[in-house]
Each structure stands twice: as structure tokens, then as C-alpha cells.
Amino acid sequence: MLRFAVLVSGGGTNLEAVFQKMEQGQITGGQICVVISNHANAYALERAKRRNVDAVCISPKMYQSRDEFHEALLNELKSRNIDYVILAGYLLQISQSLVEYFPNRIINIHPSLIPSFCGKGFYGIHVHEKVLERGVKITGATVHFVDCGMDTGPIIMQKAAVVQEDDTPETLQKRVMEECEWVILPDAIKKLCQDKIRIVDHHVIVEE
Ligand code: GRF
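Residue numbers (the numbering used here): 92 to 299.
This is the structure:
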């Protein structure tokens with residue numbers, strides 16, 4: 092049984108999609124052991140509590156320095172024997188020590204087709220604003236392993252969504268979440284549980 096920790100900052104609809112696939116028996120061989128948020132009032136924590144999954148707040152505000160915060164987060168994960176860390180709408184930069192402790196064992200969901208619309212400043216609704224500004228016709232979402240860069244790690248899965256002429260950032264965000272994020276994040280976790288994901292020369296191979 093793989094042990095997952097999910098890091099969240101907000102509503103946690105991606106987390107919800109994963110919980111539901113687990114409850115429906117579509118993901119077996121893994122369990123979410125803890126949900127950790129940097130915001131005490133993140134609704135994602137409620138989604139965990141409702142299922143009797145440990146819900147923990149670890150916020151930079153609780154510590155004297157960033158280093159202490161990063162250390163506390165890493166210690167929490169270490170103490171729970173976590174196999175994989177899932178960033179599901181986690182808005183803080185994670186530390187190098189965390190990446191080094193979990194090499195190719197941290198995955199992130201990003202709401203665009205990387206390498207488009209990613210990197211500094213491209214998070215949340217801003218991604219979709221930039222997509223509309225640029226006038227691209229296809230966008231989507233990406234699940235990737237996390238390395239020390241920003242959105243630069245090996246790509247695991249991508250799924251596309253069509254941009255419509257009358258889209259607003261909000262309608263586009265909703266479509267990308269429903270059609271892409273809530274599909275590929277649980278799918279990637281399912282493949283991890285089935286041991287069907289490997290990295291060869293910095294490229295990810297996902298077995299059918
Ligand atoms: C998603 O768009 C995710 O891709 C991005 O932040 C949003 C999180 O949504 N990184 P939720 O908290 O899972 O509802």
C-alpha cells in the first residue's frame with residue numbers, strides 16, 4: 092500500500108477527485124495518509140476530516156523563519172513514512188531539501204500544457220488569463236514530477252481542453268479542471284499505485 096501525503100492551499104477539488112476515485116475502487120494499492128495545508132481554513136482540510144483522514148495546518152506564519160517552516164513540513168512527512176507527496180493546488184514553493192528527500196516522489200498538477208503558461212507568476216486563475224490574452228485555441232493540464240525548478244520536472248501526463256470564443260478566465264478554469272485536472276491527477280496516482288510509471292533519461296514512461 093503506497094502512502095500518499097497531499098499538500099493543498101485552497102478548495103481541494105483535485106483532492107476530492109482523488110478521494111472519490113479511491114472510494115469508487117478505481118484506485119487501489121494506495122491511501123491518503125495526511126492532507127497538509129498552509130492555510131488553517133482551507134476547505135481541502137474539511138474534505139480530509141470528513142473522511143477521518145488526518146488534516147494538518149503547517150503555515151509559515153507558525154515559524155520564525157522560512158527554514159524552520161520547511162523543516163517542520165519535511166519532519167511531518169518523514170514521521171509518517173510517506174512514499175509520494177502530491178501537490179494539489181499547493182501555492183507555496185517547496186524547499187530543495189524536500190525535493191532531495193523525495194526524488195521523483197513528488198508530483199504536481201498544473202493547469203496548462205507545460206511548457207506553455209508555466210513558471211513564475213503562472214498559478215491559479217492567472218494561467219487562464221494569460222491563455223486568453225495570448226489567444227491560444229487549445230490549453231489543458233499537466234501532471235509532472237517536481238524537481239528544484241518551477242514546473243520543470245519530467246512530465247507524466249497531459250490532457251487538452253478547447254478554448255471557446257466566449258470564455259472568461261473563470262469558465263476556462265472550470266473546463267480545464269473538470270475535463271483535465273480531475274481526470275489526469277487521479278489517473279497518474281492510479282498508475283503510481285500500479286507501479287506503471289518509470290523515468291528513463293528524464294522522460295516518463297507510463298505503461299498501459
Ligand atoms: C487548480 O487549478 C490547480 O491546477 C492549481 O490550483 C487549483 C487548485 O484547485 N494549481 P483545487 O484546490 O484542487 O480546487
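For every residue, glycine included, the Cβ atom is placed at its ideal position computed from N, Cα and C.
Assuming residue i is part of the alpha helix (DSSP H), what are its boundary residues?
{"i": "V222", "result": "216-225"}
{"i": "H161", "result": "157-170"}
{"i": "I149", "result": "Note, I149: premise wrong, no alpha helix (DSSP H); not H, not E."}
{"i": "I280", "result": "273-284"}
{"i": "E114", "result": "104-114"}
Starting from the C-beta of residue i, find all residues in its chain whose C-beta is less than 6 Å away, skip the five residues before and the five after it, and write them out in chain order.
{"i": "W273", "result": "A108"}
{"i": "D242", "result": "H201, I205, C209, G210"}
{"i": "I123", "result": "F95, V97, V144"}
{"i": "H161", "result": "S186"}
{"i": "K140", "result": "A146"}
Quick check: does the Cβ of residue i come within less than 8 Å of any heavy atom belonging to ligand 2?
{"i": "A232", "result": "Ligands in the displayed structure: ligand 1; ligand 2 is not one of them."}
Between residue i and the rest of its own chain, which residues show a CB-CB distance below 7 Å, the 5 nearest in sequence each way excluded?
{"i": "D238", "result": "V190, G244"}
{"i": "I247", "result": "I198, V234, H235, F236, A279, I288, V295, V297"}
{"i": "L106", "result": "V97, V99, V126, A135, R138, A179"}
{"i": "R142", "result": "F110"}
{"i": "K195", "result": "Position check: residue 195 holds Asn in this sequence, whereas Lys was assumed. Answer for N195: F236, I290, listed in chain order."}
For the beta strand (DSSP E) containing residue i, list its first residue and its last residue.
{"i": "S128", "result": "121-128"}
{"i": "L93", "result": "93-99"}
{"i": "K250", "result": "246-253"}
{"i": "R289", "result": "288-291"}
{"i": "N199", "result": "197-201"}
{"i": "I296", "result": "294-297"}
Reducing DSSP to helix, strand and coil, say where residue i ends up.
{"i": "Y175", "result": "strand"}
{"i": "T233", "result": "strand"}
{"i": "V190", "result": "helix"}
{"i": "V144", "result": "coil"}
{"i": "E256", "result": "coil"}
{"i": "Y181", "result": "coil"}
{"i": "K211", "result": "coil"}
{"i": "K228", "result": "coil"}
According to the Cβ coordinates, are residue i and residue j closer than 9 Å?
{"i": "A251", "j": "I229", "result": "yes"}
{"i": "C271", "j": "T119", "result": "no"}
{"i": "L183", "j": "N132", "result": "no"}
{"i": "H219", "j": "E269", "result": "no"}
{"i": "Y232", "j": "V254", "result": "The sequence given here places Ala at residue 232; Tyr does not occur at that position. Taking 9 Å as the Cβ cut-off, A232 and V254 do not qualify as a contacting pair."}
{"i": "I275", "j": "Q249", "result": "yes"}
{"i": "M113", "j": "G121", "result": "yes"}
{"i": "L84", "j": "L263", "result": "This structure leaves residue 84 out entirely; the chain is present only between 92 and 299."}
Kindly list the residues whose CB is nearer than 8 Å to the CB of residue i, restricted to its own chain and excluding five residues on each side of it in sequence; keep chain order.
{"i": "L165", "result": "S186, S188, L189, Y192"}
{"i": "Q117", "result": "P277, K281"}
{"i": "A163", "result": "I149, M153, Y154"}
On the three-pair Cβ rule with 8 Å, is the stretch 197-216 touching the stretch 144-155?
-> Contact between the stretch 197-216 and the stretch 144-155 is absent, because fewer than three Cβ pairs lie under 8 Å.
Looking at C-beta atoms only, is the number of pairs between the stretch 92-99 and the stretch 163-178 that lie closer than 8 Å three or more?
-> With a cut-off of 8 Å, the stretch 163-178 and the stretch 92-99 count as touching, because enough Cβ pairs lie within range.
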